[in-house]
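Protein sequence lines, in the order shown, are assigned to chains E and B. For what it's worth, my numbering labels the leading residue of the first sequence as 286, then goes sequentially. For what it's worth, my numbering labels the leading residue of the second sequence as 286, then goes sequentially. Everything below concerns the one structure shown next.
There are 2 protein chains.
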Amino acid sequence: MQIGEAAKATGVSAKMIRHYEFIGLVPAADRRDSNYRDYSHHDLHRLGFIRRARDLGFSIAEIRDLLKLWGDQSRSSKDVKALALVHVAELEKKIRLLDEMRATLTHLADACDGDHRPDCPIIESLAGRDGLKLSQHH
Amino acid sequence: MQIGEAAKATGVSAKMIRHYEFIGLVPAADRRDSNYRDYSHHDLHRLGFIRRARDLGFSIAEIRDLLKLWGDQSRSSKDVKALALVHVAELEKKIRLLDEMRATLTHLADACDGDHRPDCPIIESLAGRDGLKLSQHH
DNA sequence: ATTGACCTTGCCATTGTGGGAAGGTGCAGA
DNA sequence: TCTGCACCTTCCCACAATGGCAAGGTCAAT
Numbered sequence: 286m287q288i289g290e291a292a293k294a295t296g297v298s299a300k301m302i303r304h305y306e307f308i309g310l311v312p313a314a315d316r317r318d319s320n321y322r323d324y325s326h327h328d329l330h331r332l333g334f335i336r337r338a339r340d341l342g343f344s345i346a347e348i349r350d351l352l353k354l355w356g357d358q359s360r361s362s363k364d365v366k367a368l369a370l371v372h373v374a375e376l377e378k379k380i381r382l383l384d385e386m387r388a389t390l391t392h393l394a395d396a397c398d399g400d401h402r403p404d405c406p407i408i409e410s411l412a413g414r415d416g417l418k419l420s421q422h423h
Numbered sequence: 286m287q288i289g290e291a292a293k294a295t296g297v298s299a300k301m302i303r304h305y306e307f308i309g310l311v312p313a314a315d316r317r318d319s320n321y322r323d324y325s326h327h328d329l330h331r332l333g334f335i336r337r338a339r340d341l342g343f344s345i346a347e348i349r350d351l352l353k354l355w356g357d358q359s360r361s362s363k364d365v366k367a368l369a370l371v372h373v374a375e376l377e378k379k380i381r382l383l384d385e386m387r388a389t390l391t392h393l394a395d396a397c398d399g400d401h402r403p404d405c406p407i408i409e410s411l412a413g414r415d416g417l418k419l420s421q422h423h
């Protein structure tokens, strides 16, 4: 199976498949005489695993660890769960940050008349004449 | 005021101040004889505005627009509010995506015993033997 | 033999930030 | 005055993930 078909089958673009090979996330694919990459069912399985992990927001580094655990007969489910929970915590942190931004900006927007006049608490707050406090991330 | 002090005063790193100058987000700073950049209160005010906008998650492109609106006497608060609400919608979209990931992964982790045995629904789900459906983003 | 769809490598762009090297400046203390 | 340190300058590299483009090779069907 050549790379385009593998891409369709797994939902990982050909570009990214090559990239994952380059960074060592997947082993170098077999080559035909034409030098075209050739993918087996086993390869597709691995790529599918990677795509699903990416869909869950795992980073490349985390996926590297997941792949190791996947291939490790002696691993315990505790190891996998720990990794997953770390990622859940990361997701929650990101969500919290974004939600603070959302809340602050929503408050500012609520306080803004949104009419033809120039007065605007949003701009004033950004400008530092601050009645409405802005949250301080990082 | 030289760049390090300006950085401390505004919370924007010297590195980023130079970068913002390079991409034209702030005008080129005045220079002393030494070629050191020299910042006025006016400059600090602009940098502070930028930092607060970044803290609210606005992109550089959006901040560019906000700065235009800031300096525009004839703008209406409607224009600012519209921009802010677009950004709120972006934030909400990101939050929604992350929260789907969080929920899916939390379900998987709940279904995982997390003990010494190797059987793990998380890995199995990633591997595609899927009883528990994974969400399909993009 | 030509066309068109696919593949190959390689380089550039994005977004926002940090790191570091190599060298200039400015001030304070011996 | 010389030395050292802290700061500044520019320039290049890196990250994570992805896309795009260009110049060329391959293959199947016409």
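Glycine is no exception: its CB is placed at the ideal position from the N, C-alpha and C atoms.
Exercise. Could you tell me how far apart the beta carbons of residue 372 of chain B and residue 409 of chain B are, in whole angstroms, since I believe they sit closer than 8 Å?
Key: So it is not a contact: roughly 39 Å between Cβ atoms.
Quiz prompt | Between the CA atoms of residue 396 of chain B and residue 391 of chain E - distance to the nearest angstrom | solution = Cα to Cα, the separation comes out at about 37 Å.
Self-check item: Three-state secondary structure assigned by DSSP to residue 323 of chain E
Solution: Looking at residue 323 of chain E - three-state DSSP - the assignment turns out to be strand.
Quiz item: DSSP three-state call for residue 299 of chain E: helix, strand or coil?
Solution: The answer is helix: DSSP assigns residue 299 of chain E an H, G or I state.
Quiz item: Buried or exposed: residue 321 of chain B, going by 16 or more other Cβ atoms within 10 Å of its Cβ?
Solution: Exposed.
Quiz item: Do residue 299 of chain E and residue 289 of chain E come within 8 Å of each other at the CB atom, strictly closer than that value?
Solution: Yes, Cβ-Cβ distance for residue 289 of chain E and residue 299 of chain E is below 8 Å.
Quiz prompt | Same chain, Cβ closer than 8 Å to residue 422 of chain B, neighbours up to 5 away in sequence not counted | solution = Only weak support is given to the placement of residue 422 of chain B: the predicted model assigns it a pLDDT of 45, under 50, and the question is left unresolved by the model.
Quiz prompt | Against chain B: residues of the region 386-410 of chain E by CB proximity under 9 Å | solution = Among the residues of the region 386-410 of chain E, those with a Cβ less than 9 Å away from any Cβ of chain B are 386, 387, 389, 390, 391, 393, 394, 397, 398, 399, 400, 401, 402, 403, 404, 405, 406, 407, 408, 410, in the order of the chain.
Self-check item: Validate contact between the region 360-367 of chain E and the region 398-406 of chain B using beta carbons, cut 8 Å, 3 pairs
Solution: Between the region 360-367 of chain E and the region 398-406 of chain B there are three or more inter-stretch CB-CB distances shorter than 8 Å, so the stretches are counted as touching.
Quiz item: Can the beta-carbon of residue 411 of chain E be found closer than 8 Å to that of residue 351 of chain B?
Solution: The answer is yes: Cβ separation under 8 Å.
Practice problem: Figure out for me which residue from B:302, B:287, B:331, B:301 has the closest Cα to the Cα of residue 354 of chain B. | Solution: Closest by alpha carbon: B:331.
Quiz item: Along chain E, which residues have their Cβ under 9 Å away from the Cβ of residue 328 of chain B?
Solution: Here the premise fails: no neighbours, minimum Cβ distance about 13 Å.
Quiz item: To the nearest whole angstrom, what separates the beta carbons of residue 401 of chain B and residue 361 of chain E, a pair I think is in contact under 8 Å?
Solution: Indeed they touch by this definition, with Cβ atoms about 5 Å apart.
Quiz item: When burial is assigned at 16 or more other CB atoms within 10 Å of the CB, is residue 340 of chain B buried or exposed?
Solution: Only buried fits residue 340 of chain B, as 16 or more other CB atoms lie within 10 angstroms of its CB.
Quiz prompt | Simplified DSSP state of residue 316 of chain B, which is helix, strand or coil | solution = Strand, per DSSP.
Quiz item: Would you call residue 316 of chain B buried or exposed, if buried means 16 or more other Cβ atoms sit within 10 Å of its Cβ?
Solution: Residue 316 of chain B should be labelled exposed.
Quiz item: List, in order along the chain, the chain B residues whose C-beta lies closer than 7 Å to that of residue 362 of chain E?
Solution: Close to residue 362 of chain E, with beta-carbon spacing below 7 Å, are these residues of chain B in chain order: 397, 398, 399, 400, 402, 403, 404, 405.
Practice problem: Determine, using beta carbons only, whether residue 373 of chain B comes closer than 8 Å to chain E. | Solution: Interface residue, yes.
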